[in-house]
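S.K.: First to last, the protein sequences are chains A and B. Going letter by letter, the first sequence gives residues 1 to 399 in the working numbering. Going letter by letter, the second sequence gives residues 1 to 399 in the working numbering. Note that CB positions come from ideal geometry on N, CA and C, so glycine has one too. There's a structure below that I have some questions on.
Number of protein chains: 2
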Amino acid sequence: MDWQQIFATRTTRMKASEIRELLKLLDQPDIISFAGGIPDPALFPAEAFQKALGDALTHNADAALQYSVSEGYGPLRDWIAAEMGRLDVPCTRDNILITSGSQQALDYLGKLMLSPGDTALVGWPTYLGALGAFNAYEPRYDKLDPETNRAAEDYAQAAAPGRVKFAYTSVDFANPTGRTLTGTMRERLLDLAEELDIAVIEDAAYQSLRYDGEALAPILAREIARKGDIDACRTLYCGSFSKTLAPGLRVGWVCGAQDVIQQMVLLKQAGDLHSSTLNQMAIAAVAEAQFDSHVARIRAAYRTRRDAMLAALEEHMPEGVTWTRPEGGMFIWLTLPQHMRGDELLARSLETERVAFVPGHAFFADGSGANTMRLSFSRTDADAIAQGIARLGRLISAA
Amino acid sequence: MDWQQIFATRTTRMKASEIRELLKLLDQPDIISFAGGIPDPALFPAEAFQKALGDALTHNADAALQYSVSEGYGPLRDWIAAEMGRLDVPCTRDNILITSGSQQALDYLGKLMLSPGDTALVGWPTYLGALGAFNAYEPRYDKLDPETNRAAEDYAQAAAPGRVKFAYTSVDFANPTGRTLTGTMRERLLDLAEELDIAVIEDAAYQSLRYDGEALAPILAREIARKGDIDACRTLYCGSFSKTLAPGLRVGWVCGAQDVIQQMVLLKQAGDLHSSTLNQMAIAAVAEAQFDSHVARIRAAYRTRRDAMLAALEEHMPEGVTWTRPEGGMFIWLTLPQHMRGDELLARSLETERVAFVPGHAFFADGSGANTMRLSFSRTDADAIAQGIARLGRLISAA
């Protein structure tokens, strides 16, 4: 049977993610992995989840195991709305949609806004999973660079005959670069969005994982400061519990204007009815009981690892290699000398040094960035980080 | 802000589901509801889930709370593959993709196959959630009627200049009609699919809920009998744990040719990475421990309710009203005299008789079927069924 003539045109743009394929390597015990970018399971609040799930099934099994509304579990949406308030985003549960992780938020935002041929503005590089989600809706991409923004007319012209629909950006300690948008860049991005009359997708998956420096107000908070009301805003904020509590439960959210949230509820209803009721209850209970103290604990652990990786890079990397110094998150971004290729280096590294990382070119919508790579420090202890970076430095020095 | 110029064209086809809106009524205690079509929570295996979740978090928390592969949890896919084998569908875990309920399977199958303007063949009426899922991919619909199939050329011609991509059908005790496709109809549907060279989506959400009569081999089993190998088949079977174990955990599956499953894994990866790891583990453990005995228990309970509803309809419905006599599932389909409208009747029923049901026209892709309605017997005990049908009979008799 020739499935190619049955499959929709969008499938030609959907390829296997190199990162997901790499995840399969993580189980080999002798590999030191800086790939992935997944939380350390030793830091999961497993006992708190066990209690929360037990409580839900003891006192509330009828609801916990039943169908529920597409918007999400009310008390969880209330908790998130309060948390958004602490980030200077005053809102109510009606501004919150629960999604199955922020990956689903990105999928639904692409589905909401992109018709084939529309343009999405994304960073060069940007989060690979965002490109994966958006690709299904067959957009064109243009390069968003908050440091050197082009004029709005340039973007609009490049998008013709389609239309620019949104700018997507990861604001804090971005995946893959570890970079944080400055306050000025956030304001400038808003200016550009106003001029183009487009939406802003603010990916804040790592927002809580700040290890030093001052927290910066989200783009959505800045827009509310300009306009006075979230329901007048064009920014859609995507949050996640995957980096703070646990990814395996698949709970994230979108926060934005009610008009958009209501339309997204319809997408959610048509897409999977709702996210797991039981998991939403468990997340709500654990967040209520210990979000701040738990996040403080994992911040301390990841800070140590970031410091270990930065120190090891300083010690072992040869001249000509540069890297970012993230104030939080899980990633450091390496730029190699122009003649080196991350993918070739990975193949050699797995063979001889047994160190894994992600070659950077996959994060570029145009396939550039061959001489870059992403290192994650989240799932490796400080000793292994030192050893792994030493091996990697040896490999790069010899390349 | 004018969101209409930002939203994709597909959003014009995505409207609020009347059924989901009706669900909000179910909480009013004096309403007897035959709407919904959701399981009775008194029949959930809550203790078994509590044990399974406790076990997963005691012995396997690192995996249960972590990211996992997009294909789904291996042991659950093995269990499902064995279960499919019992239905004469020999296959392996590589033929199984775990989805977040079968609603997500329908969404991803639409996403996989439909480009705007392609045609999907669906029943008149058909499952509302399937239309909701497919609508996002902007197809045209043509009427599938396994009793009076038109010639393949007719379908192909009507689809031009697009292409027919698949036929969607609910095989056993369908939502909304309660009807089951006979063996002959299943074979004929396969013949049509062969002639048109299209896929078949076999929605088997209610397959396990048979109360009497002989089980019929799924369409996929019949195609394997013809071709000898699932990987040569065009039928994609959608199963669900929502009607047997619990819907709140959102676990379903697609079973089909590896070529299709592999492409769907990419959609899943881009869509939400994977379904909840913890929930998949819990479903696997509960299914392993007591699927057959639990399903036997709920079958007995629902059978009593179906019998109560059929008896009450016989007693209370005036002449000119007809209904289906399902061998399983959760639904009976009523056809009213031509001049009556289900939606008007519902408005009056909620006002005076306090009985809820779903007007039938929403289940028709062309909006016809005004004089039909869907009654669910799954969530109401036999006494309340008798009382509710008596009230409904009174209302219809007076109309």
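1. Along the chain, where does the beta strand (DSSP E) that runs through A:E327 open and close?
2. What is the C-beta distance between B:E315 and B:D212, in whole angstroms, given that I count them as a contact (C-beta under 8 Å)?
3. I'd like to confirm the pairing. Which residues does DSSP put opposite B:R374 in its beta bridges?
4. Between B:S70 and the ligand PLP, is the CB less than 6 Å from at least one heavy atom?
5. Determine, using beta carbons only, whether A:S100 comes closer than 7 Å to chain B.
6. For B:Y237, which residues from the same chain have a beta carbon less than 8 Å from its beta carbon, with the 5 sequence-adjacent residues on both sides left out?
7. Could you spell out the range, first to last residue, of the beta strand (DSSP E) harbouring A:S102?
8. Kindly indicate if chain B contains any beta-carbon less than 7 Å away from that of A:M84.
9. Which residues, in order along the region 157–180 of chain A, keep a beta-carbon less than 7 Å from a beta-carbon of chain B?
10. Rounded to the nearest angstrom, what separates A:P125 and B:Q280 at their Cα positions?
11. Applying a beta-carbon distance threshold of less than 9 Å, which residues of chain A neighbour B:K15?
12. Starting from the N-terminal side, write out each stretch of the alpha helix (DSSP H) that is 4 residues or longer and does not extend beyond the region 57–91 of chain A.
13. According to a CB-to-CB cut-off of less than 8 Å, which residues of the region 132–150 of chain B neighbour chain A?
14. Could you have a look at A:V254 and say whether DSSP puts it in helix, strand or coil?
15. How close, in whole Å, do the beta carbons of A:A407 and A:A35 come, if the pair is a contact with beta carbons under 8 Å?
16. I'd like to know whether the C-beta atoms of B:M309 and B:I385 end up nearer to each other than 7 Å.
17. Within 10 angstroms of the Cβ of A:H294, are there 16 or more other Cβ atoms? Answer buried if so, exposed if not.
18. Pull up the DSSP beta-bridge partners for A:V200, would you.
19. Could you tell me whether the region 97–109 of chain A touches the region 139–152 of chain A, where touching means 3 or more Cβ pairs closer than 8 Å?
20. Cα separation between A:L395 and A:K15?
21. Go ahead and pull the three-state DSSP assignment for A:L392.
22. Determine the chain B residues that contact A:W3 at a beta-carbon separation under 7 Å, and present them in chain order.
23. In chain A, which residues lie with their C-beta within 7 Å of the C-beta of B:T9?
24. If you drop the 5 nearest sequence neighbours on each side, which residues of the same chain put their C-beta closer than 6 Å to that of B:L392?
25. Got a sec, what are the start and stop residues for the beta strand (DSSP E) B:A120 sits in?
26. DSSP on A:D383, reduced to helix/strand/coil?
27. Any chance the region 72–84 of chain A sits against the region 40–57 of chain A, with 3 or more Cβ pairs inside 8 Å?
28. Is there a Cβ from chain A that is less than 7 Å from the Cβ of B:N279?
29. Pull out every residue of the region 62–86 of chain A whose Cβ sits closer than 8 Å to any Cβ of chain B, in chain order.
30. Can you tell me which of the three DSSP states A:K143 falls into?
31. Of the residues B:P318, B:D381, B:A8 and B:I298, which one's Cα is nearest the Cα of B:A398?
32. Over what stretch of residues does the alpha helix (DSSP H) that includes B:D343 continue unbroken?
33. So, with DSSP's three-state summary, where would you put A:L192?
34. Can you check DSSP and say which residues form a bridge with A:R210?
35. Got a sec? Which residues, its chain only, sit under 7 Å from A:M264 by beta carbon, not counting five neighbours each side?
36. If you measure beta-carbon to beta-carbon, which residues of the region 26–49 of chain B are closer than 7 Å to chain A?
M.R.: Answer, in terms of the structure:
1. Neither: A:E327 is in no beta strand (DSSP E) and is coded neither H nor E.
2. Actually they do not touch by this definition, with Cβ atoms about 21 Å apart.
3. B:W333 and B:V358
4. As presented, the structure is devoid of all ligands, the ligand PLP included, so that no description of it is given.
5. yes
6. Closer than 8 Å at Cβ, skipping near neighbours: M84, V89, E202, A204, P218, I219, L220, V254, C255 and G256.
7. That residue, A:S102, is in no beta strand (DSSP E); its alpha helix (DSSP H) goes G101 to M113.
8. no
9. K165
10. 34 Å
11. L266
12. If we require 4 residues or more, the alpha helix (DSSP H) runs fully inside the region 57–91 of chain A come out as 61–64 and 74–86.
13. G132, A133, N135, A136 and Y137
14. strand
15. Residue 407 of chain A lies beyond the stretch modelled for chain A, which goes from 1 to 399, so this question has no answer here.
16. Cβ atoms of B:M309 and B:I385: closer than 7 Å.
17. Classification of A:H294: buried, given that the 10 Å Cβ count is 16 or more.
18. A:A167 and A:T235
19. no
20. In a straight line, the C-alpha of A:L395 is about 30 Å away from that of A:K15.
21. helix
22. Per Cβ cutoff of 7 Å: D259 and V260.
23. The answer, in chain order, is S115.
24. V355
25. T119 to V122
26. helix
27. no
28. B:N279 counts as touching chain A.
29. Correct list: D62, A63, A64, L65, Q66, Y67, S68, V69 and S70.
30. strand
31. B:P318
32. G342 to R348
33. It is helical.
34. A:G328
35. L97, Y108, L112 and V254
36. I38, P41, F44, A46 and F49
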